[in-house]
Amino acid sequence: MTRSGIVAHLMRRTAPGPRGGLLLGNLAEVAQGRMFELLHHMWRAHGDISCARVGTRLLYLVVHPDHIQHVLVTRRENYTKAMHRAAPLIGDGLPASNGELWARQRKLLTPRFQVGALPRFAPPLRGAMERQLGRWQQAAARGDELDLADEMVALTLDAILGSLLGERLDDEEARLRAAIRDAVDFVAASGQVFRVPLSWPTRRNQRFLAALAVIDDFIHRAIEAHRGRPEGDPDLLTFLLRHVGDDPHAPATAKLVRDEAVSLLLGGHESTAQALTWLLYCLDLHPEAKARVMDEVDTFGDALPTVADRNRFPFLAAAVQEALRLYPPFWAFPRHVVADDELGGYLVPAGATVMLCPYLTHRHPALWEAPERFSPERFLGGVAQGRARASYLPFGYGPRTCIGNHMATAEIVLATAAILRRFTVERVHHAPVTAEFSTTLRPRGGIRVKLTSRQAASASAT
Ligand code: HEM
C-alpha cells in the first residue's frame with residue numbers, strides 16, 4: 154500500500170474504538186499477546202461493534218449476532234480466511250482455504266463427518282478410551298498427580314490418529330504430541346494480526362520449523378504407508394488419497410493430501426481436549442450439576458458407552474453445550490475484508506480484519522440471562538430457545554461451521570461419561586482456574602488432578 158493509500162485507509166475508520174498510540178495504535182497489546190485484553194476493553198468501552206488500529210491495519214470487533222450473521226453468512230464472500238495464521242502449518246487445508254478450493258474440499262469431506270458417519274468413529278474412539286482408562290487405573294493406584302489438559306490431549310490425539318490412520322503408533326505419539334504442541338504454540342504466539350516473517354531466523358521460528366519437520370515426516374511416512382490401500386471402509390487418510398489424489402508425482406495433490414491430513418489431525422484433537430478439560434472443571438465447581446450428570450452416568454452402568462449411546466445422557470449433553478458457551482476453545486477467530494462494506498452502520502474498509510469473539514458473544518448480558526453462571530439447564534430444550542442462532546457459536550457459524558462438530562460433541566459426551574463412571578477426579582489445588590487466551594482457550598498453568606477409582610473406593614467402603 155502506498156503512503157497516501159495508508160493515510161486514506163486510516164482516515165476512513167468510523168466505528169468507535171480505543172485511541173491507542175499515535176504511531177502504532179494498539180500494536181503493542183497485540184504483539185505482546187494481549188489480544189483478549191484489547192478485545193474485552195473494546196467491547197466494554199465501545200459496544201457491540203468497535204475498531205482499533207493495530208500498526209497500519211484496522212481491527213474490527215464484532216460481538217452482536219446480527220453482525221456475526223452478516224460476516225459469516227449474508228456477505229461471507231466479502232469476509233474470507235485469507236492470511237490464516239495457521240497457514241504455515243496447515244497450508245491449504247480446509248480451515249485455511251477459500252473460494253473454489255474450499256468449496257470442493259468441503260463437499261468432499263462433509264459426508265465423512267455427518268451424524269450418519271459417526272459409527273465409523275466408534276472403534277478409534279473406543280480404543281482411545283480403553284487405553285486412557287487403563288492408564289488412569291494405574292495412575293489412580295499409584296496416587297499420581299496428573300495434568301488434566303495434558304491427559305485430555307493424549308486421549309483426543311489417540312482418537313483422531315485412529316480415525317485418520319486406522320491404526321496406532323505407540324512409540325511415536327509422545328514425540329508427535331510435543332511437536333504439535335510447539336507448532337500450535339507458535340501459531341498462538343504469531344498473533345492474529347501481526348506476524349514476524351517465517352524467514353527471520355528467530356528462536357521461535359526455528360523451534361516451529363523443527364516441530365513442522367517432525368509433523369511432516371510423520372505425515373509423509375503415513376501417506377506412503379497408505380498409498381494404494383484396497384477399497385473398503387477406509388480411514389480418513391486412505392479416503393483423502395483416493396479422492397484428492399494418490400499420485401506421488403503430482404506435487405499439488407500430494408501437498409493437498411498432506412495439508413488436509415494435518416488440518417484434521419490438529420483440528421480434530423486440541424480443541425476437543427480443551428473442551429473436555431473445561432467441562433470437567435465446571436462440573437467440579439458445580440456439585441449440583443455434577444450430581445445430575447452422575448445420575449445419568451450411573452444409570453447407564455459399567456459398559457463403555459459407544460457412539461450409539463450418545464443420546465442417553467441429555468443433561469450431560471446440555472452441560473457440554475454450557476461448558477462450550479463459557480469456555481469456547483476457539484475463543485476468537487478472524488476474517489479478512491475483501492472490499493469496502495457497511496456493517497452495523499459503519500464503514501468496514503477493504504484490507505481490515507474483522508474479529509469474531511465467541512467468548513464475548515457467549516457472555517453478552519443482552520443475549521444470556523446471568524451469563525457468567527454455569528447452568529446446563531439453559532440448553533435442555535435445545536440450543537436455540539428463541540435466541541438469534543448466531544449468539545451461540547462455539548463451532549463457528551454459517552457454511553464454514555466446524556466440520557467435526559458432531560464428532561467432537563459425541564467424543565466429549567462419551568469420554569466424560571466413561572471417565573466419571575470410573576473415577577472421581579479431584580483437583581489438587583482448589584483456587585479458581587483462569588483462562589489463557591492462546592490459539593485455543595486453555596486453563597492457565599494447567600489443572601492438576603488426582604484420581605480415585607470409584608470401584609476401589611466402593612469396595613473398600615463395603
Ligand atoms: C470441541 C471441539 C471443537 C471446536 C470447539 C471446534 C471449533 C471450530 C470452529 C470455531 C471452527 C470455525 C472457525 C472459523 O470459522 O474461522 C472450526 C472449523 C473447523 N474444524 Fe473444528 N472444532 C472442534 C473439533 C473439531 C474436530 C473433531 C475436527 C475434525 C476431526 C475439526 C475440524 C475442523 C475443520 C476441518 C474446520 C474448517 C471447516 C471449514 O472451514 O470449512 N474440528 N472448528
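Per this note's numbering, the very first residue in the sequence shown carries number 154; after that it's consecutive. A virtual CB, placed ideally from N, CA and C, is assigned to each residue, including glycine. Since the model is a prediction, treat every value here as computed from it, not as a measurement.
Next on the checklist: Below 7 Å, is the gap between the Cβ of residue 443 and the nearest heavy atom of the ligand HEM?
Outcome noted: Reading the sequence shown from its first residue, position 290 is the one you call residue 443. No, the beta carbon of residue 443 sits no closer than 7 Å to any heavy atom of the ligand HEM.
Next on the checklist: Give me, in chain order, the residues of the same chain whose beta-carbon lies closer than 8 Å to that of residue 599; leave out the 5 immediate sequence neighbours on both sides.
Outcome noted: Against the sequence shown, residue 599 aligns to sequence position 446. 300, 301, 302 and 303, listed in sequence order.
Checklist entry - Could you give the distance in angstroms between the alpha-carbon of residue 501 and the alpha-carbon of residue 200? => result Residue numbering aside, residue 501 sits at position 348 when the sequence shown is read from its first letter. Residue numbering aside, residue 200 sits at position 47 when the sequence shown is read from its first letter. Spanning the two alpha carbons is a distance of roughly 16 Å.
Item to check | Reference residue 510; option with closest CA among 188, 254, 539 and 310 | outcome: The residue given as residue 510 occupies position 357 in the sequence shown. Of the listed residues, the one whose Cα sits closest to residue 510 is 188.
Checklist entry - Should residue 297 go down as buried or exposed, given a rule of 16 or more other Cβ atoms within 10 Å for buried? => result Against the sequence shown, residue 297 aligns to sequence position 144. By the neighbour-count rule (16 or more Cβ atoms within 10 Å), residue 297 is not buried but exposed.
Checklist entry - Enumerated in chain order, which unbroken segments of the alpha helix (DSSP H) with a length of 4 residues or greater are wholly contained in the region 308-348? => result Note on the region 308-348: whole alpha helix (DSSP H) runs with a minimum of 4 residues are 323-342, in chain order.
Next on the checklist: Given this structure, state the Cα-to-Cα distance separating residue 217 from residue 553, to the nearest angstrom.
Outcome noted: For this step, residue 217 is matched to residue 64 along the sequence shown. For this step, residue 553 is matched to residue 400 along the sequence shown. Near 18 Å, if we compare the C-alpha coordinates of residue 553 and residue 217.
Next on the checklist: Which residue wins for smallest C-alpha separation from residue 443, given the options 338, 377, 370 and 577?
Outcome noted: On the sequence shown, residue 443 is found 290 positions in, with the first residue counted as 1. The candidate whose alpha carbon is nearest that of residue 443 is 577.
Checklist entry - Where does residue 236 land, buried or exposed, given buried means 16+ other C-beta within 10 angstroms? => result Indexing the sequence shown from 1 puts residue 236 at position 83. Its Cβ having fewer than 16 others within 10 Å, residue 236 is exposed.
Checklist entry - Can you tell which of 518, 539, 421 and 564 has its C-alpha closest to the C-alpha of residue 466? => result Along the sequence shown, read from residue 1 onward, the residue named residue 466 stands at position 313. Nearest option by C-alpha distance: 564.
Next on the checklist: Please report the distance separating the alpha-carbon of residue 478 from that of residue 314.
Outcome noted: Along the sequence shown, read from residue 1 onward, the residue named residue 478 stands at position 325. Along the sequence shown, read from residue 1 onward, the residue named residue 314 stands at position 161. So the alpha carbons of these two residues sit roughly 27 Å apart.
Checklist entry - With a CB to CB cut of under 8 Å and the five nearest residues on each side skipped, what residues in its chain are close to residue 581? => result On the sequence shown, residue 581 is found 428 positions in, with the first residue counted as 1. Excluding positions up to five away in sequence, the list reads 298, 601, 602 and 603.
Checklist entry - How big is the Cα-Cα spacing for residue 519 and residue 316? => result Residue 519 sits at position 366 when you count from the first residue of the sequence shown. Residue 316 sits at position 163 when you count from the first residue of the sequence shown. Using only the alpha carbons, I get a separation of about 41 Å.
Checklist entry - What are the boundary residues of the beta strand (DSSP E) that includes residue 448? => result Here residue 448 refers to the residue found at position 295 of the sequence shown. From DSSP, residue 448 is part of no beta strand (DSSP E) but of the alpha helix (DSSP H) over 440-453.
Item to check | For residue 516 and residue 357, the rounded distance between their alpha carbons | outcome: Within the sequence shown, residue 357 is the residue found at index 204, counting from 1. Within the sequence shown, residue 516 is the residue found at index 363, counting from 1. Going by the C-alpha atoms only, they are around 34 Å apart.
Item to check | Closest by C-alpha distance to residue 512, when choosing among 234, 226 and 593 | outcome: For the purposes of this step, residue 512 is taken as the residue at position 359 of the sequence shown. Nearest C-alpha to residue 512: 593.
Checklist entry - So does the region 448-464 actually touch the region 490-499, counting three or more Cβ pairs closer than 8 Å? => result no
Checklist entry - Out of 203, 545 and 240, which has the shortest C-alpha to C-alpha gap to residue 350? => result Stepping through the sequence shown from its first residue, residue 350 is reached at position 197. The residue with the shortest Cα to Cα distance from residue 350 is 240.
Checklist entry - Going along the chain, which unbroken runs of the alpha helix (DSSP H) with 4 or more residues stay wholly within the region 375-409? => result 389-397
Checklist entry - Of the residues 568, 541, 589 and 547, which one's Cα is nearest the Cα of residue 446? => result Residue mapping note: residue 446 aligns to position 293 of the sequence shown, counting from 1. For the residues 568, 541, 589 and 547, the minimum Cα distance to residue 446 belongs to 568.
Checklist entry - Are there three or more Cβ pairs, one per stretch, closer than 8 Å when the region 204-213 is compared with the region 244-260? => result Touching, no, given that fewer than three Cβ pairs across the two stretches are closer than 8 Å.
Next on the checklist: Using 8 Å as the cut-off, can you tell me whether the region 419-429 makes contact with the region 520-535, which would need three or more C-beta pairs spanning the two stretches below that distance?
Outcome noted: Pairwise C-beta distances place the region 419-429 out of contact with the region 520-535, as fewer than three of them are shorter than 8 Å.
Checklist entry - My guess is that residue 418 and residue 449 are in contact by the Cβ rule of under 8 Å, so how many angstroms apart are they, rounded? => result Position 265 of the sequence shown, counted from the start, is the residue given in the question as residue 418. Position 296 of the sequence shown, counted from the start, is the residue given in the question as residue 449. About 32 Å separates the beta carbons of residue 418 and residue 449, which is beyond the 8 Å limit, so they are not a contact pair.
Item to check | Option in 558, 608, 330 and 570 with minimal Cα separation from residue 263 | outcome: Position 110 of the sequence shown holds residue 263. Residue 263 has its Cα closest to that of 558, out of 558, 608, 330 and 570.
Checklist entry - Sorry if obvious, but does the Cβ on residue 417 come closer than 7 Å to a heavy atom of the ligand HEM? => result Position 264 of the sequence shown holds residue 417. True, at least one ligand heavy atom lies under 7 Å from that Cβ.
Next on the checklist: Suppose contacts are defined by Cβ-Cβ distances below 8 Å. Is residue 499 in contact with residue 221 by that definition?
Outcome noted: Here the question's residue 499 lines up with position 346 in the sequence shown. Here the question's residue 221 lines up with position 68 in the sequence shown. Their beta carbons are not under 8 Å apart, which means residue 499 does not touch residue 221 by this criterion.
Item to check | Check: residue 482 C-beta below 7 Å from any heavy atom of the ligand HEM | outcome: Counting from one through the sequence shown, the residue named residue 482 turns up at place 329. Correct: residue 482 has its Cβ closer than 7 Å to the ligand HEM.
Checklist entry - Is residue 547 helix, strand or coil when you go by DSSP? => result As a first step, residue 547 must be located in the sequence shown, where it is residue number 394. Here residue 547 carries a strand assignment [DSSP, helix/strand/coil].
Checklist entry - Can we count residue 247 as close to the ligand HEM, meaning its CB is less than 7 Å from some heavy atom? => result Taking the first residue of the sequence shown as position 1, residue 247 is located at position 94. Yes, since a heavy atom of the ligand HEM falls inside the 7 Å radius drawn around the Cβ of residue 247.
Checklist entry - Does the beta carbon of residue 236 fall short of 7 Å from some heavy atom of the ligand HEM? => result Position 83 of the sequence shown, counting from 1, holds the residue named residue 236. False, no ligand heavy atom lies under 7 Å from that Cβ.
Checklist entry - Is residue 548 near the ligand HEM, with its Cβ less than 7 Å from a heavy atom? => result Mapped onto the sequence shown, residue 548 falls at position 395. When distances are taken from the beta-carbon of residue 548 to the heavy atoms of the ligand HEM, the shortest one is below 7 Å.
Item to check | Reduced DSSP category for residue 203 - H, G, I as helix; E, B as strand; rest coil | outcome: Sequence index remark: in the sequence shown, residue 203 carries index 50 (1-based). Reduced to three states, the DSSP call for residue 203 is strand.
Checklist entry - Going by the CB atoms, is the gap between residue 381 and residue 399 shorter than 8 Å? => result The count along the sequence shown starts at 1 and reaches residue 399 at position 246. The count along the sequence shown starts at 1 and reaches residue 381 at position 228. Yes, the Cβ-Cβ distance between residue 399 and residue 381 is below 8 Å.
Item to check | Proximity to residue 321 [Cα-Cα], best of 375, 605, 437 and 291 | outcome: Along the sequence shown, one-based indexing puts residue 321 at 168. Out of 375, 605, 437 and 291, 375 has the C-alpha closest to the C-alpha of residue 321.
Checklist entry - residue 337: buried (16+ other C-beta within 10 angstroms of its C-beta) or exposed? => result Your numbering for residue 337 matches position 184 in the sequence shown. Residue 337 should be labelled buried.
Next on the checklist: Just verifying my parser: in three-state terms, what is the DSSP assignment at residue 672?
Outcome noted: Any property of residue 672 remains undetermined from this structure, which presents the chain solely from 154 to 615.
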